[in-house]
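Trainee: Dumping the structure here so I can ask a few things about it.
Protein chains: 2
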Amino acid sequence: MAYLDHIHACNNANLSRYARFRIGDLPVGAIRSEFASALTALGDSFIRDENGEYGFGPHIKTIDARNQTLIEATEALCQQGVIKHLHGEKFDIRNRLSDDPLCQLDRFAMPYFGCRSWGVHMNGFVRKADGIHMWIAKRALDKPTYPGMLDNMVAGGQPTGLGFRENMIKECAEEAGIPANLAEKVVAIGTVSYLYETDEGLKPDVMVNFDLELPEEFVPHCADGEVEQFDLLPIAEVAEIVRNRFDFKFNCALVVIDFLIRHGYLTADNEPSYCELVTGLHRSLEP
Amino acid sequence: MAYLDHIHACNNANLSRYARFRIGDLPVGAIRSEFASALTALGDSFIRDENGEYGFGPHIKTIDARNQTLIEATEALCQQGVIKHLHGEKFDIRNRLSDDPLCQLDRFAMPYFGCRSWGVHMNGFVRKADGIHMWIAKRALDKPTYPGMLDNMVAGGQPTGLGFRENMIKECAEEAGIPANLAEKVVAIGTVSYLYETDEGLKPDVMVNFDLELPEEFVPHCADGEVEQFDLLPIAEVAEIVRNRFDFKFNCALVVIDFLIRHGYLTADNEPSYCELVTGLHRSLEP
């Protein structure tokens, strides 16, 4: 296999299966025809317009009305078995990162509506005499999603009401026991984006990423039970794991590849797919 | 204006005006209908296939034959005034960075055929007590292209036969008088790509980029006459120039924006177009 296989694995979506889901003029999501049928069968809360695109009924005009409609619809569809589970935590729905939220939706219902979501990921690393080493997390074996798979040192979803950096520093404490005086040194370094498809629907996700250079003596510990163990591995070893296997959670492999490129480990002189990797990591997510 | 305006300025191409130019099965370029007419009027060296795409005549099968055909065609079209000038220096034509060259073409004829080309750009910077400062070049006033505009510290086209890092180190010496022992510290950090259109045709370009952290006492000097002066500016001042003006050569502004993002100056918390900037800097260049 090759690094590029991770890009393809994260960009597996067949967009011809989806119709747009709009709020007003804003294309905030994308839904499959079977989910669209279930939605419109609920009554007049959701409509199909003359362009074959979907949205709220014209009488649903406010954030509160949208939120109430989404709560009722997702609970009804969960009872029908159309939506498998609900999570309880709410994510914001918005068109662009910088827009005000248009409404909130249950975290597990996001892919059914194909709405973009944002998360934060952090590369923790140490510069030793023999080069860069990366802290790699192994996900707890009892996590509901991707148990036991490799992960970036710290990562989390982006909840309502927090700044990205603020959220990152909070996650640093919870997931890896990194004290605030160290976590304050995180450097924002860009995003990685992909268009992933699951049985549930579409996941157009943006990972807002940070690097954190740590002192050699610091040893992380998991405070919230989400990580089984942390290992500090030479960059070449991390690169080989990504190049040869699918041991990392699918999207975390992309964050590692981005790190390998930004720190000069993968280059135009040693990696045949260099240009395709860089563009592939930064997919535009127009729904 | 906004940072995003630089992305739009570099991605001004209207692809509906172009037909593919192929070598064998490989889509290596894109040409406008008026240039296509001039090419096929030269005889049987260039043909239009049943899909409306263009390529060499079927009897032209080798690199040498393609090179000879391109030399004759570009000279003839230059005499006709279809091609404005020729440069003399040759660039490789290839489908992907890692492919062997399929033939060579005069540097100034590249946009007429819409072939991808690769260059190297370098961000030279100094970490001072009050933060990062960037070395900014001002292009010589007698340069034929973009005289007097601001530029990255070092940049150059990618010629046949050199590695990217090797080319970068060579350009460091020629353009800024950076000795090999300093230039060896360049770190490859990724690419920036864009699809630009001029009167001549299409420029699908990839900049292969490097960072170089320099000691505070080093002062660059231009060895080849291509740079008028170098200035060491605080990162905030460089950011304001890019945000407010088009003083930088069009593609060099993108290399600066990429630097501002990778070094934590522009973030998801302070730049509304953060996600669009990151994806916009890394356009996929399928012709």
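Protein sequences, first through last, are from chains W and E. So for the first sequence, my numbering puts the first residue at 1; every next one is plus one. So for the second sequence, my numbering puts the first residue at 1001; every next one is plus one. For glycine and all other residues, C-beta sits at the position ideal for the given N, C-alpha and C.
My guess is that Ala180(W) and Ala223(W) are in contact by the Cβ rule of under 8 Å, so how many angstroms apart are they, rounded?
Mentor: Contact between Ala180(W) and Ala223(W) fails: their C-beta atoms lie close to 13 Å from each other, not under 8 Å.
Trainee: Please confirm if Pro1272(E) has its CB atom under 8 Å from at least one CB of chain W.
Mentor: yes
Trainee: Based on the DSSP output, what are the partners of Ile23(W) in its beta bridges?
Mentor: Leu26(W)
Trainee: Could you tell me the boundaries of the beta strand (DSSP E) in which Asp289(W) lies?
Mentor: Residue coverage of chain W in this structure runs from 1 to 287, which leaves residue 289(W) outside it and unanswerable.
Trainee: Are the CB atoms of Gly1177(E) and Ala1155(E) nearer to each other than 8 Å?
Mentor: Their beta carbons are not under 8 Å apart, which means Gly1177(E) does not touch Ala1155(E) by this criterion.
Trainee: Can you look up Ser1117(E) in the DSSP assignment and give me helix, strand or coil?
Mentor: strand
Trainee: Report the option in Asp99(W), Met122(W), Phe91(W) whose CA atom is closest to the CA atom of Arg107(W).
Mentor: Out of Asp99(W), Met122(W), Phe91(W), Phe91(W) has the C-alpha closest to the C-alpha of Arg107(W).
Trainee: With a threshold of 8 Å between beta carbons, is Ile1261(E) in contact with chain W?
Mentor: yes
Trainee: According to DSSP, what are the bridge partners of His1133(E)?
Mentor: Val1126(E), Pro1234(E)
Trainee: Cα separation between Leu266(W) and Glu1276(E)?
Mentor: 24 Å
Trainee: Quick one: which chain E residues come within Cβ less than 8 Å of Phe91(W)?
Mentor: Listed along the chain, the chain E residues whose CB falls inside 8 Å of the CB of Phe91(W) amount to none; the nearest CB is some 16 Å away.
Trainee: Alpha carbons only, please: which of Ala1183(E), Ser1037(E), Leu1233(E), Met1149(E) is nearest the one belonging to Leu1077(E)?
Mentor: Of Ala1183(E), Ser1037(E), Leu1233(E), Met1149(E), the residue nearest in Cα terms is Ser1037(E).
Trainee: Can you grab the Cα-Cα spacing for the pair Val192(W) / Tyr1274(E), in whole Å?
Mentor: 12 Å
Trainee: Nearest to Lys1084(E) by alpha carbon, out of Thr1069(E), Gly1201(E), Glu1217(E)?
Mentor: Gly1201(E)
Trainee: Is there a C-beta anywhere in chain E that falls below 8 Å from the one on Cys275(W)?
Mentor: yes
Trainee: Using 8 Å as the Cβ pair cut-off and three pairs as the minimum, do the segment 126-135 of chain W and the segment 159-175 of chain W touch?
Mentor: Flag = no, the segment 126-135 of chain W and the segment 159-175 of chain W do not touch.
Trainee: Which residues of the segment 162-186 of chain W have a Cβ closer than 9 Å to any Cβ of chain E? Give them in chain order.
Mentor: Gly163, Phe164, Arg165, Glu166, Val186
Trainee: For His1282(E) and chain W, any beta-carbon pair shorter than 8 Å?
Mentor: yes
Trainee: Give the C-beta separation of Ser1117(E) and Gly1157(E) to the nearest angstrom, bearing in mind that I take them to be a contact with Cβ-Cβ under 8 Å.
Mentor: 7 Å
Trainee: So the candidates are Ala2(W), Glu166(W), Leu150(W); which of them puts its Cα closest to the Cα of Asn1270(E)?
Mentor: Out of Ala2(W), Glu166(W), Leu150(W), Glu166(W) has the C-alpha closest to the C-alpha of Asn1270(E).
Trainee: Could you confirm whether any beta carbon from chain E is found closer than 8 Å to the beta carbon of Pro287(W)?
Mentor: Unreliable positioning characterises Pro287(W) in this predicted model, as indicated by a pLDDT of 48, which lies under 50. The coordinate reading is nonetheless provided below. Under the Cβ distance rule, Pro287(W) does not count among the residues neighbouring chain E, no pair being separated by less than 8 Å.
Trainee: For the segment 1084-1114 of chain E, enumerate the residues whose C-beta is nearer than 9 Å to any C-beta of chain W, in chain order.
Mentor: Within the segment 1084-1114 of chain E, the qualifying residues are Arg1096, Leu1097, Ser1098, Asp1099.
Trainee: What's the C-alpha gap between Ala137(W) and Ala9(W)?
Mentor: 21 Å
Trainee: To test your reading of the DSSP string, which unbroken alpha helix (DSSP H) runs of 4 or more residues are found completely within the segment 1144-1200 of chain E?
Mentor: 1164-1176, 1180-1183
Trainee: Taking the C-alpha atoms as reference points, what is the distance between Pro1287(E) and Arg66(W)?
Mentor: Confidence is the limiting factor: at Pro1287(E) the pLDDT is only 48, short of 50, which leaves the residue's position unreliable, though a coordinate-based value still follows. Cα to Cα, the separation comes out at about 42 Å.
Trainee: For a contact meaning CB atoms closer than 7 Å, what does Asp1269(E) contact in chain W?
Mentor: Gly163, Phe164, Arg165
Trainee: Starting from the N-terminal side, write out each stretch of the beta strand (DSSP E) that is 3 residues or longer and does not extend beyond the segment 26-90 of chain W.
Mentor: 26-32, 46-48, 54-56
Trainee: Does any CB atom of chain E fall closer than 8 Å to the CB of Gly190(W)?
Mentor: Interface annotation, Gly190(W): in contact with chain E, CB-CB separation under 8 Å.
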